[in-house]
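For reference, the structure discussed in these notes is given below.
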Ligand code: NIG
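Numbering (our numbering), first residue to last: 131 to 539.
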């Protein structure tokens, strides 16, 4: 795959100079735009970070930079709408114990909280930045990032601040677990989350989230957290129905949350509530893989008409992976989604879960986020599991990862 840079970028109408990239010689372009659909033998022109044109054939468009896709398939960058990217420590032993039969429980969050509290802010920022680079290598061009491993005012504040340097979709998750020091007074902890902690974190966050689950927060506590967040101007997200049946999904739908995430254990009433709402059911199959839980019933949700997203849930306890391709393979192989449905769930679905119209597709005016696959079609992401098929990642019109580093084919 060849990359070339040209001096003297194109000018348009004598106005301000626009920085431009053309991705040319694309064998198959999957735009995820309902009007543009799939196009063969085209080039995509990105100007000032935004898709400006899709042109047929060998492109004669002038541009500052050219990326020759060599006939490969290009898809929109993956939108990872659920991550816990800012943390320290590792829970490999917990994973090994689980594979030997131990159950997964919410309490493991406390182990990562201890490691995260012990790390300096500089360490946390460096770890999260390295994970963002790893995300690019996996074709992820946009990340939602949650706090949730500080669980005190300053700890949560610094995680939200660190996350805000990496994304504009930061989620305040002080209600991830009741920390040890508040175990005797969980409602007192909820007061803290809804008061001082929310005030400290809201300036860095767009969203508030709560882990509504046995062992974490009950429905009344979750409602209080979400209502306080809404009052502070934040959008709502919920972790729900991950480890058992519960009220998370219905609460999310009732309060108009953008997304309810996990959705592993759903009653008919939950599916009906999702199908009748705009709340996205965000499925996190790498979590169910890593915790030996059943997979969510994606077919039931899709067939009922619910909005579905797929995300990685990167975190050291229940899903220590950033591979969206792995998540897609599970979504298709084990959750019975078609390849097209799974790809949509990881692109437009993720964007909808974050209420973003500029991401997840390559229509004109979308952010110039794309993945060049070392494959003729997206099917290969699933058909060749475990293979790294991300040849290059483009974020806002910049090549942020390339396997070929300027070499020709
Ligand atoms: O989404 N469910 C809650 N939070 C994370 C788990 C975090 C952990 O185990 O450290 C999740 O799976």
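Cβ atoms here follow ideal geometry from the backbone N, Cα and C, with glycine treated the same way.
Item                                                                                                                                   : Value
Touching by the beta-carbon criterion (3+ pairs, under 8 Å), the region 316 to 333 and the region 350 to 363                           : yes
Nonlocal neighbours in the same chain, by C-beta distance under 6 Å from residue 288, ignoring five residues either side               : 251
C-alpha gap between residue 133 and residue 195, whole angstroms                                                                       : 7 Å
Paired residues, beta bridge with residue 525 - DSSP                                                                                   : 528
Cβ-heavy atom distance, residue 446 to the ligand NIG, below 8 Å                                                                       : yes
Own chain, CB closer than 7 Å to residue 504, minus 5 neighbours either side, in chain order                                           : 202, 519, 521
DSSP three-state assignment for residue 268, whether helix, strand or coil                                                             : coil
Segments of 3+ residues assigned as beta strand (DSSP E) that fall wholly inside the region 379 to 438                                 : 389 to 392, 410 to 413
Whole-Å CB distance - residue 283 paired with residue 290, under 8 Å assumed                                                           : With a Cβ gap of about 11 Å, residue 283 and residue 290 do not count as contacting.
DSSP bridge partner residues for residue 197 (one or two, in chain order)                                                              : 133, 153
For residue 352, the three-state DSSP class (helix, strand or coil)                                                                    : helix
Distance between residue 150 and residue 142 (C-alpha atoms, nearest Å)                                                                : In this prediction, residue 142 scores a pLDDT of 46, lower than 50, which makes its location untrustworthy; the coordinate-derived value is nonetheless stated afterwards. Each residue's alpha carbon lies about 11 Å from the other.
Delimiting residues of the beta strand (DSSP E) encompassing residue 233                                                               : Here residue 233 belongs to no beta strand (DSSP E), and DSSP marks it neither H nor E.
Boundaries of the alpha helix (DSSP H) in which residue 470 is found, first to last residue                                            : 469 to 476
Cβ shell of residue 208 (< 6 Å), same chain only, five flanking positions each side left out                                           : 269, 270, 454, 476
Reduced DSSP category for residue 317 - H, G, I as helix; E, B as strand; rest coil                                                    : helix
Contiguous beta strand (DSSP E) assignments of at least 3 residues, all confined to the region 285 to 348                              : 300 to 305, 337 to 342
Distance between residue 236 and residue 414 (C-alpha atoms, nearest Å)                                                                : 16 Å
Residue 495: CB within 8 Å of a non-hydrogen atom of the ligand NIG                                                                    : no
Cut-off 6 Å between Cβ atoms - residues of its own chain near residue 357, not counting five sequence neighbours on either side        : none
Residue 140 in three-state terms, based on DSSP                                                                                        : Any reading at residue 140 needs caution, since the residue's pLDDT is 46, under 50, leaving its predicted position unreliable; the model's value is listed next. The answer is coil: DSSP assigns residue 140 none of H, G, I, E or B.
Contact the region 506 to 520 vs the region 222 to 235: 3+ CB pairs below 8 Å                                                          : no
Three-state class that DSSP yields for residue 148 in the structure shown                                                              : coil
CA nearest to the CA of residue 74, picked from 379, 514, 244, 259                                                                     : Shown here, the chain extends from 131 to 539; a query on residue 74 therefore has no answer.
Contacts around residue 448, its chain only, beta-carbon distance under 7 Å, and the 5 residues preceding and following it disregarded : 234, 417, 420, 421
Contact under 9 Å by Cβ, residue 173 with residue 184                                                                                  : yes
Three-state class that DSSP yields for residue 493 in the structure shown                                                              : coil
Residue 463: first and last residue of the uninterrupted alpha helix (DSSP H) it sits in                                               : 454 to 463
Touch test, the region 377 to 391 against the region 482 to 496, Cβ-Cβ under 8 Å, three pairs minimum                                  : yes
C-alpha gap between residue 336 and residue 328, whole angstroms                                                                       : 12 Å
Continuous alpha helix (DSSP H) stretch holding residue 241: start and end                                                             : 239 to 248
Separation of residue 249 from residue 256, as counted between CA atoms                                                                : 11 Å
Whole-angstrom C-beta distance between residue 245 and residue 227, which should lie under 8 Å                                         : Contact flag wrong, Cβ pair sits at about 17 Å.
Bridge partners - residue 158, DSSP secondary structure assignment                                                                     : 170, 203
Rounded separation between residue 432 and residue 440 - CA only                                                                       : 12 Å
Three-way DSSP call (helix, strand, coil) for residue 274 in this model                                                                : coil
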